[in-house]
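Its first residue numbered 8, the sequence shown is counted upward by one per residue in the numbering used here.
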Amino acid sequence: MNRKLCAGMRSCLVVPLLLPLLLAAGSDVTGEEANRKPNFVLIMADDLGIGDVGCYGNNTIRTPNIDRLASDGVRLTQHISAAPLCTPSRAAFTTGRYPLRSGLGSIGRAEVLLFLGGSGGLPPSETTFAKRLQQQGYTTGLVGKWHLGVNCEHRGDHCHHPNQHGFSYFYGLPFTLFNDCMPGEGTNVLGDLQDALQQMAAILGVGLFTLVCVRVCGLLELRLWLLVALFSLSILATAVWYVPFKLMATWNCIVMRNQDVVDQPMTLETLPQRLLGEAQNFIRRNSDGPFLLFFSLVHVHTPLFNTPAFAGKSRHGRYGDNVEEMDWLIGQLTETVDSLGLANDTLMYFTSDHGGHVEDADSRVGQKGGWNSIYKGGKAMGGWEGGIRVPGIFRWPGRLAAGRVVDEPTSLMDLYPTLKYLAEDTQPDRHLDGYNLMPLLEGRVKRSEHEFMFHYCGIYLHAVRWHPPGSDSVYKLHFFTPNFSPPGAGGCYEAKICQCYGDYVTHHDPPLVYDIFHDPSESRPLTPDSEPRYTEILEQTARAVEKHNGTLTSKQVNDTHSTAVQSQMTWDKILWRPWLQPCCGTFPFCGCKEEAPHT
Numbered sequence: 008m009n010r011k012l013c014a015g016m017r018s019c020l021v022v023p024l025l026l027p028l029l030l031a032a033g034s035d036v037t038g039e040e041a042n043r044k045p046n047f048v049l050i051m052a053d054d055l056g057i058g059d060v061g062c063y064g065n066n067t068i069r070t071p072n073i074d075r076l077a078s079d080g081v082r083l084t085q086h087i088s089a090a091p092l093c094t095p096s097r098a099a100f101t102t103g104r105y106p107l108r109s110g111l112g113s114i115g116r117a118e119v120l121l122f123l124g125g126s127g128g129l130p131p132s133e134t135t136f137a138k139r140l141q142q143q144g145y146t147t148g149l150v151g152k153w154h155l156g157v158n159c160e161h162r163g164d165h166c167h168h169p170n171q172h173g174f175s176y177f178y179g180l181p182f183t184l185f186n187d188c189m190p191g192e193g194t195n196v197l198g199d200l201q202d203a204l205q206q207m208a209a210i211l212g213v214g215l216f217t218l219v220c221v222r223v224c225g226l227l228e229l230r231l232w233l234l235v236a237l238f239s240l241s242i243l244a245t246a247v248w249y250v251p252f253k254l255m256a257t258w259n260c261i262v263m264r265n266q267d268v269v270d271q272p273m274t275l276e277t278l279p280q281r282l283l284g285e286a287q288n289f290i291r292r293n294s295d296g297p298f299l300l301f302f303s304l305v306h307v308h309t310p311l312f313n314t315p316a317f318a319g320k321s322r323h324g325r326y327g328d329n330v331e332e333m334d335w336l337i338g339q340l341t342e343t344v345d346s347l348g349l350a351n352d353t354l355m356y357f358t359s360d361h362g363g364h365v366e367d368a369d370s371r372v373g374q375k376g377g378w379n380s381i382y383k384g385g386k387a388m389g390g391w392e393g394g395i396r397v398p399g400i401f402r403w404p405g406r407l408a409a410g411r412v413v414d415e416p417t418s419l420m421d422l423y424p425t426l427k428y429l430a431e432d433t434q435p436d437r438h439l440d441g442y443n444l445m446p447l448l449e450g451r452v453k454r455s456e457h458e459f460m461f462h463y464c465g466i467y468l469h470a471v472r473w474h475p476p477g478s479d480s481v482y483k484l485h486f487f488t489p490n491f492s493p494p495g496a497g498g499c500y501e502a503k504i505c506q507c508y509g510d511y512v513t514h515h516d517p518p519l520v521y522d523i524f525h526d527p528s529e530s531r532p533l534t535p536d537s538e539p540r541y542t543e544i545l546e547q548t549a550r551a552v553e554k555h556n557g558t559l560t561s562k563q564v565n566d567t568h569s570t571a572v573q574s575q576m577t578w579d580k581i582l583w584r585p586w587l588q589p590c591c592g593t594f595p596f597c598g599c600k601e602e603a604p605h606t
């Protein structure tokens, strides 16, 4: 009895001594959880039209997983890409700056990077949000499409590679998915040049054959050196056409893991599940956080997938099947985040790099490009709304109110400063064109900080958007618009894609003016008679353009000795160079296959 009483007394004495230690330990754990930096999962579709998604008005294509992200979070209705094409748009997204500042605004016909073996890309001097977060202790990963270059001077320098731009892990396409990757789908790259080179090689070949016959038959005395020279010229012309263009699937259609080529040419049938598996495994490996995952989808760029589980299931042909497959991929990734208990610690974001490609269709497959809802234009169409207005969805349970809708102008460039703010990065930075979105997403402010937005196509300023203080109106001025073909059409159907410059555009002086708050389809131009503020709109915008131009201290230049930012979109940087070509094996005998994961 006494022993029990004594033992009980010892327990009573120990508990008060241990209680403060237990409370202190508990408070430390609680403090660590409270101070934990959030994870980020950024999902970007490729060429998706804003009208392809259910929560943006589509009631015939099923996108329940994207719609659920919107209902559980915040949906932006005026979310704007910095460019209507992928390379410049993605440069702006990752840097928070207009692509002109990185040298990734095109000067002429080549509006995106065309060859993986070119030397153009996101300059090593640029800073991405991944690089900033890496400095804040984040583990960073990119799974999917890059399309911002690989090498500068020789194979393996990887100066433009994701690993050099802050992504500690990369698995995916250093280039992009395009028609040349799938036999029978034609080509996306300089088709007229390919035809001209092929015809030149054929003419030289026919000419050589004719001269040989003439000499053999004794009809004309021809020196042997002339035939040898012509033969050499024919071989050279054939090589210039055949090697870079007819072997393009080998050169451009590859998959890399970090800096190693693992699939060349890539196997398309298993690509979606491989990308999904890599993204899920990255989250699982880094669930202790903090981490940043940029899941850069290859859907719904052409060529379209024909995955058996989704083929023929939608009401909109193969394009609809691909949108629904993309939605399933997003649902699987969201489930991975939620099943690991990371939902409350993870900001998820969904968008597209630009609008849908409305001209992309054929008689065999039907419509292969997206639908941009009520908005005019699409991919590559300058400042028209259909090419730059994209989905914008944020989900963060416990931090962002479910079901909120924000109608204010926002930009893909806003992600950079938003991530910096949430990662508590207070270090100085260069000039940014985006703004921290958290006050707007949390409802602490009602107005966007974007009073003006500048809409470039290449290096050319096509349009400007003005959201006057104290007004619901959003005025947009078009200085240039693409010339649609045939006349009266809603796109460049004869060329299949619009161009940004020269005779391909119409210059408007005075500019076309629309109020896209009241006229979102840009169908009723304002006039001095219909808009009392017409003169003020022109004056305010002109001053904003002048002020904006003053921030472009590093103009694009072609002088290789200049200290200003160099254009990455000139022909000498875009065209294929064998010594820059990533290769699995010994160049030019490049080729390897990655084993598909078991499902």
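All residues carry an ideal CB built from backbone N, CA and C; glycine is no exception.
Item to check | Separation of G327 from Q374, as counted between CA atoms | outcome: Here residue 374 is taken as the residue at index 367 of the sequence shown, counted from 1. Here residue 327 is taken as the residue at index 320 of the sequence shown, counted from 1. Going from the Cα of Q374 to the Cα of G327 covers about 9 Å.
Checklist entry - Can you give the beta carbon distance from P532 to V520, rounded, assuming they're within the 8 Å contact cut? => result To locate residue 532, count along the sequence shown from 1; it is residue 525. To locate residue 520, count along the sequence shown from 1; it is residue 513. Sure, about 6 Å apart at Cβ, within 8 Å.
Checklist entry - Using the C-alpha atoms, what's the distance from M460 back to P416? => result Translated into positions along the sequence shown, residue 416 becomes position 409. Translated into positions along the sequence shown, residue 460 becomes position 453. Taking the straight line from one Cα to the other gives about 9 Å.
Item to check | Cβ pair L299, F100 closer than 8 Å | outcome: Numbered from its first residue, the sequence shown carries residue 299 at position 292. Numbered from its first residue, the sequence shown carries residue 100 at position 93. Not a contact, by the Cβ cut-off of 8 Å.
Next on the checklist: I'd like to know if the stretch 163-173 and the stretch 183-202 are in contact, where contact means that at least 3 CB-CB pairs between them fall below 8 Å.
Outcome noted: no
Item to check | Sequence ranges, alpha helix (DSSP H) only - wholly within the stretch 91-116, length at least 4 | outcome: 93-102
Checklist entry - What is the DSSP secondary structure of T570, reduced to helix, strand or coil? => result Locating residue 570 in the sequence shown gives position 563, where the first residue counts as 1. Per-residue confidence for T570 stands at a pLDDT of 42, beneath the threshold of 50, marking its modelled position as unreliable; the derived number appears in the next sentence. Coil.
Checklist entry - Run through DSSP, which three-state label would L197 get? => result By 1-based counting over the sequence shown, the position of residue 197 is 190. Reduced to three states, the DSSP call for L197 is coil.
Next on the checklist: Taking the alpha-carbon of F80 as reference, which of T147, H364 and G410 has the nearest alpha-carbon?
Outcome noted: Numbered from its first residue, the sequence shown carries residue 80 at position 73. Phe is not the amino acid found at residue 80; the sequence shown has Gly there. When only C-alpha atoms are compared, the closest one is G410.
Checklist entry - Who are T146's beta bridge partners in DSSP? => result Position 139 of the sequence shown holds residue 146. Answer by DSSP bridge pairing, in chain order: F298.
Next on the checklist: For I337 and I50, I'd like the C-alpha separation in whole angstroms.
Outcome noted: Within the sequence shown, residue 337 is the residue found at index 330, counting from 1. Within the sequence shown, residue 50 is the residue found at index 43, counting from 1. Those two C-alpha atoms are separated by around 8 Å.
Next on the checklist: Can you tell me whether L83 is helix, strand or coil according to DSSP?
Outcome noted: As a first step, residue 83 must be located in the sequence shown, where it is residue number 76. Of the three classes helix, strand and coil, the one that applies to L83 here is strand, per DSSP.
Checklist entry - Since H86 contacts T358 with CB under 8 Å, what's their CB separation in whole angstroms? => result Indexing the sequence shown from 1 puts residue 86 at position 79. Indexing the sequence shown from 1 puts residue 358 at position 351. Right, the Cβ-Cβ distance comes to about 7 Å (below 8 Å), so this counts as a contact.
Item to check | Enclosing beta strand (DSSP E) for H485 [first to last residue] | outcome: On the sequence shown, position 478 is the one that residue 485 refers to. Note, H485: beta strand (DSSP E), Y482 to P489.
Checklist entry - Where E331 and P95 are concerned, what is the direct C-alpha to C-alpha distance, given to the nearest angstrom? => result The residue given as residue 331 occupies position 324 in the sequence shown. The residue given as residue 95 occupies position 88 in the sequence shown. So the alpha carbons of these two residues sit roughly 27 Å apart.
Checklist entry - Which residue comes first and which comes last in the beta strand (DSSP E) that contains C515? => result What you label residue 515 is simply residue 508 of the sequence shown in a count that begins at 1. The question names Cys, yet the displayed sequence has His at residue 515. Its beta strand (DSSP E) spans residues V512 to D522.
Next on the checklist: Determine whether the beta carbon atoms of K386 and P91 lie at a separation below 8 Å.
Outcome noted: By 1-based counting over the sequence shown, the position of residue 386 is 379. By 1-based counting over the sequence shown, the position of residue 91 is 84. Yes. Within cutoff.
Checklist entry - Would you call L233 buried or exposed, if buried means 16 or more other Cβ atoms sit within 10 Å of its Cβ? => result One-based indexing of the sequence shown puts residue 233 at position 226. Exposed, because fewer than 16 other Cβ atoms sit within 10 Å of the Cβ of L233.
Item to check | Cβ contact (3+ pairs, closer than 8 Å) linking the stretch 334-349 and the stretch 284-292 | outcome: yes
Checklist entry - Between the C-alpha atoms of C159 and L243, what's the straight-line distance to the nearest angstrom? => result On the sequence shown, position 152 is the one that residue 159 refers to. On the sequence shown, position 236 is the one that residue 243 refers to. Taking the straight line joining both Cα atoms gives about 26 Å.
Checklist entry - Would you call the CB atoms of Y423 and F238 closer than 8 Å? => result Working through the sequence shown from its first residue, we reach residue 423 at position 416. Working through the sequence shown from its first residue, we reach residue 238 at position 231. No, these two residues do not count as a Cβ contact at 8 Å.
Checklist entry - Just the Cα atoms here: how many angstroms apart are I400 and T84? => result Walking along the sequence shown from the start, residue 400 turns up at place 393. Walking along the sequence shown from the start, residue 84 turns up at place 77. I400 and T84: Cα-Cα distance of roughly 9 Å.
Item to check | Buried versus exposed, by CB contacts within 10 Å (16 or more), R371 | outcome: Against the sequence shown, residue 371 aligns to sequence position 364. Under this definition R371 is an exposed residue.
Next on the checklist: Under DSSP, the alpha helix (DSSP H) around A551 begins and ends at which residues?
Outcome noted: Here residue 551 corresponds to residue number 544 of the sequence shown, with the count starting at 1. Run containing A551: Y541 to T558, per the alpha helix (DSSP H) assignment.
Item to check | Contact belief for Y105 with D440 at Cβ below 8 Å, rounded distance in angstroms | outcome: If you number the sequence shown from 1, residue 105 lands on position 98. If you number the sequence shown from 1, residue 440 lands on position 433. Rounded, the Cβ-Cβ distance is 5 Å, consistent with contact.
Next on the checklist: Below 8 Å on the Cβ atoms is my contact criterion, and I expect M333 with H308 to pass it. Report the Cβ-Cβ distance as a whole number of Å.
Outcome noted: Taking the first residue of the sequence shown as position 1, residue 333 is located at position 326. Taking the first residue of the sequence shown as position 1, residue 308 is located at position 301. Contact flag wrong, Cβ pair sits at about 11 Å.
Item to check | Inter-stretch contact (C-beta, 8 Å, three-pair minimum) for the stretch 387-396 and the stretch 488-505 | outcome: yes
Checklist entry - Opposite G373 in the DSSP bridges: which residues? => result The residue you call residue 373 lines up with position 366 of the sequence shown. Paired residue(s): D369.
Next on the checklist: On the criterion of 16 or more Cβ atoms from any shown chain inside 10 Å, does H525 qualify as buried, or is it exposed?
Outcome noted: As a working mapping, residue 525 is identified with position 518 in the sequence shown. H525 is exposed by the Cβ-count criterion.
Checklist entry - Does DSSP put D59 in a helix, a strand or coil? => result In the sequence shown, counting from the first residue as 1, residue 59 sits at position 52. Looking at D59 - three-state DSSP - the assignment turns out to be helix.
Item to check | Per-residue burial, Q434 [other beta carbons within 10 Å of its own, 16 or more giving buried] | outcome: Along the sequence shown, one-based indexing puts residue 434 at 427. Q434 should be labelled exposed.
Item to check | The beta strand (DSSP E) enclosing M51, as first and last residue numbers | outcome: Residue mapping note: residue 51 aligns to position 44 of the sequence shown, counting from 1. Segment N46 to A52, the beta strand (DSSP E) holding M51.
Checklist entry - In terms of residue numbering, what span does the alpha helix (DSSP H) encompassing H331 cover? => result Residue mapping note: residue 331 aligns to position 324 of the sequence shown, counting from 1. This sequence places Glu at residue 331; His is not what is there. It spans G324 to S346 - the alpha helix (DSSP H) in which E331 sits, taken as one unbroken run.
Checklist entry - For V235, is the classification buried or exposed, using 16 other Cβ atoms within 10 angstroms of its Cβ as the cut-off for buried? => result On the sequence shown, position 228 is the one that residue 235 refers to. The residue is exposed, with fewer than 16 neighbouring Cβ atoms inside 10 Å.
Checklist entry - Less than 8 Å separating the beta-carbons of V250 and L204? => result Against the sequence shown, residue 250 aligns to sequence position 243. Against the sequence shown, residue 204 aligns to sequence position 197. Not in contact: V250 and L204 (Cβ atoms no closer than 8 Å).
Checklist entry - Based on Cα-Cα distance, which residue from A368, T194, S241 and L282 lies nearest to W335? => result If you number the sequence shown from 1, residue 335 lands on position 328. W335 has its Cα closest to that of L282, out of A368, T194, S241 and L282.
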